[in-house]
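Participant:
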Amino acid sequence: MFLRSLQRIVDHWLLEEGLSVGYDDCINKVSPIAMEDIDVDDENVDIVLNNIRNISQLLVVESVDKNNPLSTMIDSGSKGSFVNLGHISSLIGQQWIREKRPARVLPSDRALVWYSPYDSSLQGQGFVNSSYSQGFNPIKYFFHCQEGRERLVNIGVNTSDAGYIQRHISKSM
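Reading the sequence shown from the start, the letters are residues 1 to 173 in UniProt numbering.
This is the structure we're talking about:
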């Protein structure tokens with residue numbers, strides 16, 4: 001009896017209050033981080049790139065109003081994460097292919113033909129310095145799709161491995 005009443009109360013509250021996420025809720029109020037030439041040796045580049053992404057996401061989280069519907073959904077655990085909010089509002093960050101930056105396998109030491117020969121820029125090696133709300137150019141989109149495809153394949157392989165192991169455990173019992 002109590003649960004039915006509670007459901008009706010919640011339904012009525014949602015009807016009156018509601019929760020919707022609009023485009024304005026996803027826009028970053030912090031000025032965008034300028035990507036300048038960063039002189040870093042190759043050993044520390046991965047750490048620096050991850051720090052850039054983490055700091056930009058932290059700035060977004062700190063600047064978001066607690067009454068923002070997207071923030072409310074994340075805090076309640078119903079949908080999304082603050083990483084998603086950072087991707088929407090700030091930047092995507094370094095794309096990892098096979099757990100490292102995209103390999104420069106083409107002649108003249110480059111990852112894609114779009115870039116100049118011997119280009120050592122971060123963007124030329126898979127760093128996406130724009131957000132979902134800003135959009136991607138075709139090159140950034142290509143790097144992003146590469147990583148996304150690899151993740152989907154890994155999920156499929158790991159799921160089948162887990163099922164295979166579960167089947168053998170069940171048979172042995």
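Note that beta-carbon positions come from the ideal geometry of N, C-alpha and C, so glycine has one too.
Note that the structure is predicted; figures quoted are calculated from it, not measured.
Label Phe-127 either buried or exposed according to how many other C-beta atoms from any shown protein chain fall within 10 Å of its C-beta, with 16 as the threshold for buried.
Facilitator: Answer is buried; the Cβ neighbour count reaches 16.
Participant: Shortest alpha-carbon distance to Pro-117 belongs to which of Gln-123, Phe-142, Ser-108?
Facilitator: Among Gln-123, Phe-142, Ser-108, the Cα nearest to that of Pro-117 is on Ser-108.
Participant: Our contact map puts Ser-131 next to Leu-91 with C-beta atoms below 8 Å; I'd like the distance itself, whole angstroms only.
Facilitator: Ser-131 to Leu-91, Cβ: 6 Å. Contact.
Participant: Which residue or residues does DSSP assign as beta-bridge partners of Lys-100?
Facilitator: Answer by DSSP bridge pairing, in chain order: Ile-97.
Participant: Given a cut-off of 8 Å, decide if Asn-68 and Asp-25 are closer than it, judged by their beta-carbon atoms.
Facilitator: For Asp-25 and Asn-68, yes; Cβs fall inside 8 Å.
Participant: How would you write the range of the alpha helix (DSSP H) that Gly-156 sits in, first residue to last?
Facilitator: From DSSP, the alpha helix (DSSP H) with Gly-156 extends over 138-172.
Participant: Looking at Ile-47: is its Cβ nearer than 8 Å to the Cβ of Gly-93?
Facilitator: Contact flag unset, no.
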